[in-house]
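Chemist: My structure is below; once you've seen it, I'll send some questions.
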Amino acid sequence: MAANFWTSTHYKQLLDPEEVDVVQPADKEKGITVEDFKLIKMHMATYIWRLAPQVKVRQRVVATAITYMRRVYTRKSMSEYDPRLVAPTCLYLASKAEESTVQAKLLVFYSKKIPSDEKYRFDIKDILEMEMKILEALNYYLVVFHPYRSLAQFLQDAGQSDLTQFTWGLVNDTYKMDLILIHPPHLIALACIYIASVFKDRDTTAWFEELRVDMNVVKNISMEILDFYENHRMITEERISAAFNKLALKP
Amino acid sequence: MGDGNGRGMANPNSSKHGNRPEWLQQYDLIGKIGEGTYGLVFLARIKAPSPNRGKFIAIKKFKQSKDGDGVSPTAIREIMLLREISHENVVKLVNVHINHADMSLYLAFDYAEHDLYEIIRHHRDKAGGQPINPYTVKSLLWQLLNGLNYLHSNWIIHRDLKPSNILVMGEGEEQGVVKIADFGLARIYQAPLKPLYENGVVVTIWYRAPELLLGAKHYTSAVDMWAVGCIFAELITLKPLFQGQEVKATQNPFQLDQLDKIFKVLGHPTLDKWPTLVNLPHWQQDVQHIQRRKYETNGIGSVVPLPPKSPAFDLLSRMLEYDPRKRVTAAQALEHEYFRNEPLPGRNALVPNTGDRVNYPTRPVDTSTDIEGTTSLQPSQPPSGNAVAGNMQGAHHPMGNRGVPRMPVVGMPRMPGPGIAAYGLASQAGMGGGMNPSGIPMQRGMSAQAQQQQSRRKDPGLLPAYPTQQKSRRF
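As structure tokens, this is what we get:
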């Protein structure tokens, strides 16, 4: 399992994009669109990235936390599972799963230090209650694979280890999207290397050919990532607030 | 849970029937079978109309952590690993339940009637030192290694193997099948694992590998193999192989007495045989006690009655190899000559082909929680280590030593209790149940000596007997 992605529950749970982009009925009633849905998830992923250094956890924990959050919203509505509570709670649960437990009180303390509005303030009790709800929503599947490890191995194999920092950043950014729910992590890593090769003008064609992976999939993932960067510029605070305002509507 | 479609994942809302969670209605609760620092373990039976009706289930209830930190990391580890893995020789997690009202978490496992702790104890204390049948020893060991090989090949180290964590299935289709349990300390070793003591976690020292005792910075799967060696020897001699006295109240992994016990049997480790010894902190630091002390090398043959040239002796020696890099792996051990010689290991470890089976006692059940209790005294059995997952101290009670009736050891039918009406009472097991007048879990067939053994087991700090069961596990 830990050694073999193909027998893991992570692999068995991979979804089609159409399954991921489903707005839950309760949210739909409030006028939440697929765009709003993606925006809120992206915003909360960013929030987790900001909270993590405060409580001193590694990127891996962050990546697991964001994956948990994204999995939760394939099954649960944002109306019922407030993203502003789900996000820190996922970080809390991920810290336990990744053997670097953060105390709930620390998380509550530091979440108050991050500039954000009152709606992001929670008590320890809220976190602990939500932890159990999240465990349940995840159907108790907690092992998550990430692109980081294969990324390092691939770069070394390709003789492109100097691209580590650049590609690592790309991988981090993929967590602002739902790719981890859809594609095997090693393909996400390859997509990031592919993008880096193009940007940094490295000839990795022969190396990719030897890998015997479906290059169409790798290129498609790369296109998705590039599309995301393109669209990302259009995202404003106003759009995010508007999405959250819809969520706050009484049905 | 396990089937992925949510069947059995009962809605955990609990408010409709007082404190009794709705999911509990799928079970008949029979009684308490264990207790530990993490919580309690109950025996239950699946009700109709489930296709699995009548099946016995052990439900491990995790207490809410006192320090206000939610689900314990032990429970998280156990759920996380057991949700991924599936093997005949690994305990099966059949369900997870949550009671949101009191924030408690329940893991439901296939119930195993026996464990190696109780099997060994039965032979030592009740069967007059009659050794365990060689077929049974070999089959238990083979299955233990088979499960461990699966775990190790999936990069999981158990880290807390001991007889009470090795379960054996009772009567039924899986009779005599070994199940490795208690994954509360198990870890996936993607990255090097730091020793447990750095988390302030205390595990029993008797089965602890010498490299850990000498302060090795990281775990490898070889630590599990050392524990298997100790268990193998114990199956043969019915006595723990290295019964060191634990030095408590220290974060230091250095346990001089435990090392002393090992060295006395296996001789002093040498740099010649174990080159990386020189890197181990306590080898370097405690020159006086560790390096200078001289031991007469009697060898493992002096304590384990095996012919020196026998395959069993060879396998045991390879498991107790000092250098973790030279220690036999689970995969290698499975290929060992010992398992290719008669008697060949079998799936039902408890019933040899020769037919001379031993009737091992069933697990003690404290049914005093059952308020619908009916007639006779409900005899309980002696506290056992562990129904599902180790680290329990058996159902016990402060007054447990009083009025203990001697009851027949075997043939005691398990009473399928009607289930308790208020689940909340379960946590007060032994506190004035209906059918047990004195309200104590009675321990049947227990000699005074066994009683003492039990009490010793709870406080190894005073007596050199069984180590405490994770009394001070902290997070």
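These protein sequence lines map, in sequence, to chains A and B. With UniProt numbering, the residue at position 133 of the first sequence is 133, and numbering never jumps. With UniProt numbering, the residue at position 426 of the second sequence is 426, and numbering never jumps. Every residue gets a Cβ at the ideal spot worked out from N, C-alpha and C, and that includes glycine.
So within the stretch 85-121 of chain B, which uninterrupted alpha helix (DSSP H) runs reach at least 4 residues, ignoring any that extend past its ends?
Modeler: Whole alpha helix (DSSP H) segments, 4+ residues: 116-121.
Chemist: Pull up the distance between the alpha-carbon of lysine 219 of chain A and that of alanine 189 of chain A, whole angstroms please.
Modeler: Mapped onto the first sequence, residue 219 of chain A falls at position 219. Mapped onto the first sequence, residue 189 of chain A falls at position 189. In a straight line, the C-alpha of lysine 219 of chain A is about 12 Å away from that of alanine 189 of chain A.
Chemist: Assuming phenylalanine 56 of chain B and tyrosine 111 of chain B make a contact with CB atoms under 8 Å, what is their CB distance in whole Å?
Modeler: The count along the second sequence starts at 1 and reaches residue 56 of chain B at position 56. The count along the second sequence starts at 1 and reaches residue 111 of chain B at position 111. Correct: roughly 4 Å between the Cβ atoms.
Chemist: Run the CB neighbour count on methionine 319 of chain B, radius 10 Å, all protein chains shown included, and call it buried at 16 or more, exposed below.
Modeler: To locate residue 319 of chain B, count along the second sequence from 1; it is residue 319. Looking at its Cβ environment, which holds 16 or more other Cβ atoms inside 10 Å, methionine 319 of chain B is buried.
Chemist: Less than 8 Å between the C-beta atoms of leucine 81 of chain B and alanine 186 of chain B, yes or no?
Modeler: Taking the second sequence and counting its residues from 1, one reaches residue 81 of chain B at position 81. Taking the second sequence and counting its residues from 1, one reaches residue 186 of chain B at position 186. Yes, the Cβ-Cβ distance between leucine 81 of chain B and alanine 186 of chain B is below 8 Å.
Chemist: With 8 Å as the limit, tell me which residues of the UniProt domain "Cyclin-like" (46-136) of chain A have their beta carbon closer than that to any beta carbon of chain B; keep them in chain order.
Modeler: From the UniProt domain "Cyclin-like" (46-136) of chain A, only Tyr92, Leu93, Lys96, Ala97, Glu99, Thr101, Gln103, Ala104, Lys105, Ile124, Ile127, Leu128, Glu129, Glu131, Met132, Lys133, Leu135 and Glu136 have a Cβ closer than 8 Å to chain B.
Chemist: Please list, in chain order, the chain B residues whose beta carbon lies closer than 7 Å to that of serine 8 of chain A.
Modeler: Counting from 1 along the first sequence, the entry for residue 8 of chain A is found at position 8. Chain B residues near serine 8 of chain A: Glu84.
Chemist: Less than 8 Å between the C-beta atoms of tyrosine 175 of chain A and alanine 45 of chain A, yes or no?
Modeler: As a position in the first sequence, residue 175 of chain A is number 175, starting the count at 1. As a position in the first sequence, residue 45 of chain A is number 45, starting the count at 1. Taking 8 Å as the Cβ cut-off, tyrosine 175 of chain A and alanine 45 of chain A qualify as a contacting pair.
Chemist: Are three or more beta carbon pairs between the stretch 146-165 of chain A and the stretch 197-205 of chain A nearer than 8 Å?
Modeler: Touching, yes, given that three or more Cβ pairs across the two stretches are closer than 8 Å.
Chemist: Please confirm if residue 487 of chain B has its CB atom under 8 Å from at least one CB of chain A.
Modeler: The first residue shown for chain B is 1 and the last is 475, placing residue 487 of chain B beyond what the model contains.
Chemist: Between glycine 68 of chain B and chain A, is there a C-beta pair that is closer than 8 Å?
Modeler: For the purposes of this step, residue 68 of chain B is taken as the residue at position 68 of the second sequence. Yes, its Cβ sits closer than 8 Å to a Cβ of chain A.
Chemist: Run through DSSP, which three-state label would phenylalanine 62 of chain B get?
Modeler: Locating residue 62 of chain B in the second sequence gives position 62, counting from the first residue. Phenylalanine 62 of chain B falls in the strand class under three-state DSSP.
Chemist: Could you list which residues in chain B have their beta carbon closer than 7 Å to that of valine 143 of chain A, in chain order?
Modeler: Reading the first sequence from its first residue, position 143 is the one you call residue 143 of chain A. Per Cβ cutoff of 7 Å: Met80 and Glu84.
Chemist: Applying the 10 Å Cβ sphere with the 16-neighbour rule, what's the burial state of methionine 223 of chain A?
Modeler: Along the first sequence, one-based indexing puts residue 223 of chain A at 223. So methionine 223 of chain A ends up on the exposed side.
Chemist: Apart from the five residues on each side of it in sequence, which residues of its chain come closer than 8 Å, Cβ to Cβ, to aspartate 16 of chain A?
Modeler: Locating residue 16 of chain A in the first sequence gives position 16, where the first residue counts as 1. These residues qualify, in order along the chain: Ile182.
Chemist: Return the CA-CA distance between histidine 10 of chain A and glycine 244 of chain B, expressed in angstroms with no decimal places.
Modeler: Translated into positions along the first sequence, residue 10 of chain A becomes position 10. Translated into positions along the second sequence, residue 244 of chain B becomes position 244. Answer to the nearest angstrom: the Cα atoms are 43 Å apart.
Chemist: Using a Cβ cut-off of 7 Å, pull out every chain A residue sitting near proline 73 of chain B, in sequence order please.
Modeler: For the purposes of this step, residue 73 of chain B is taken as the residue at position 73 of the second sequence. Ordered by position in chain A, the residues that pass the 7 Å Cβ test against proline 73 of chain B are Lys96 and Thr101.
Chemist: The beta strand (DSSP E) that contains tyrosine 27 of chain B, what's its start and end?
Modeler: Reading the second sequence from its first residue, position 27 is the one you call residue 27 of chain B. Tyrosine 27 of chain B -> beta strand (DSSP E) spans 27-35.
Chemist: When the Cα atoms are used, what is the spatial distance from aspartate 48 of chain A to lysine 38 of chain A?
Modeler: The residue given as residue 48 of chain A occupies position 48 in the first sequence. The residue given as residue 38 of chain A occupies position 38 in the first sequence. What sits at residue 48 of chain A in the sequence shown is isoleucine, not aspartate. Using only the alpha carbons, I get a separation of about 15 Å.
Chemist: Rounded to whole angstroms, what's the CA-CA distance from arginine 84 of chain A to methionine 103 of chain B? Just pull it up for me.
Modeler: As a position in the first sequence, residue 84 of chain A is number 84, starting the count at 1. As a position in the second sequence, residue 103 of chain B is number 103, starting the count at 1. Distance between the alpha carbons of arginine 84 of chain A and methionine 103 of chain B: 21 Å.
Chemist: Count the other C-beta atoms from every protein chain shown that fall within 10 angstroms of the C-beta of methionine 234 of chain A, then say buried if there are 16 or more, exposed otherwise.
Modeler: Within the first sequence, residue 234 of chain A is the residue found at index 234, counting from 1. So methionine 234 of chain A ends up on the exposed side.
Chemist: Would you say valine 91 of chain B reaches chain A, if we count a Cβ-Cβ gap shorter than 8 Å as a contact?
Modeler: For the purposes of this step, residue 91 of chain B is taken as the residue at position 91 of the second sequence. For valine 91 of chain B, the answer is no, since every Cβ of chain A falls outside 8 Å of its Cβ.
Chemist: Between which two residues does the beta strand (DSSP E) harbouring valine 20 of chain A extend?
Modeler: One-based indexing of the first sequence puts residue 20 of chain A at position 20. Taken as a continuous stretch (DSSP letters only), valine 20 of chain A belongs to no beta strand (DSSP E), being part of the alpha helix (DSSP H) at 17-20.
Chemist: Can you list, in chain order, the residues of its chain with a C-beta nearer than 6 Å to that of serine 153 of chain B? Leave out the 5 residues immediately preceding and following it.
Modeler: The sequence position of residue 153 of chain B within the second sequence is 153, counting from 1. If we look at serine 153 of chain B and ignore the five residues flanking it on each side, it has no Cβ neighbours.
Chemist: Whose CA, out of A:Glu35, A:Val23, A:Ser8 and A:Leu179, lies closest to the CA of alanine 242 of chain A?
Modeler: For the purposes of this step, residue 242 of chain A is taken as the residue at position 242 of the first sequence. Per the Cα distances, A:Glu35.
Chemist: Between the alpha carbons of isoleucine 166 of chain B and valine 91 of chain B, how many angstroms are there, rounded?
Modeler: In the second sequence, the residue the question calls residue 166 of chain B occupies position 166. In the second sequence, the residue the question calls residue 91 of chain B occupies position 91. Straight-line Cα distance between these residues: approximately 9 Å.
Chemist: Can you tell me whether proline 184 of chain A is buried or exposed, with buried defined as 16 or more other CB within 10 angstroms of its CB?
Modeler: Here residue 184 of chain A refers to the residue found at position 184 when the first sequence is read from its first residue. It is buried - the Cβ of proline 184 of chain A has at least 16 other Cβ atoms within 10 Å.
Chemist: Where does arginine 363 of chain B fall in DSSP's three states?
Modeler: Translated into the one-based positions of the second sequence, residue 363 of chain B becomes position 363. The answer is coil: DSSP assigns arginine 363 of chain B none of H, G, I, E or B.
Chemist: Return the first residue and the last residue of the beta strand (DSSP E) that alanine 26 of chain A is part of.
Modeler: Translated into the one-based positions of the first sequence, residue 26 of chain A becomes position 26. No beta strand (DSSP E) contains alanine 26 of chain A, which is instead part of the alpha helix (DSSP H) from 25-28.
Chemist: For the stretch 140-165 of chain A, list every residue whose C-beta sits within 9 Å of some C-beta in chain B, in sequence order.
Modeler: Listed by position, the residues of the stretch 140-165 of chain A near chain B (Cβ gap below 9 Å) are Tyr140, Tyr141, Leu142, Val143 and Arg149.
Chemist: Under 8 Å, with one C-beta from each stretch per pair, do the stretch 120-129 of chain A and the stretch 95-107 of chain A reach the 3-pair mark?
Modeler: The stretch 120-129 of chain A vs the stretch 95-107 of chain A: in contact.
Chemist: At 4 residues or longer, and completely inside the stretch 91-147 of chain A: list those alpha helix (DSSP H) runs for me, N to C.
Modeler: Whole alpha helix (DSSP H) segments, 4+ residues: 104-111 and 124-137.
Chemist: Mind checking whether leucine 40 of chain B and glycine 31 of chain B have CB atoms under 8 Å apart?
Modeler: Here residue 40 of chain B corresponds to residue number 40 of the second sequence, with the count starting at 1. Here residue 31 of chain B corresponds to residue number 31 of the second sequence, with the count starting at 1. In this structure, glycine 31 of chain B does not lie closer than 8 Å to leucine 40 of chain B by Cβ.
Chemist: Determine, using beta carbons only, whether valine 96 of chain B comes closer than 8 Å to chain A.
Modeler: In the second sequence, the residue the question calls residue 96 of chain B occupies position 96. By this cut-off, valine 96 of chain B is an interface position.
Chemist: Starting from valine 41 of chain B, trace the beta strand (DSSP E) both ways and give me its first and last residue.
Modeler: Within the second sequence, numbered from 1, the residue matching residue 41 of chain B stands at position 41. Here the beta strand (DSSP E) through valine 41 of chain B covers 39-46.
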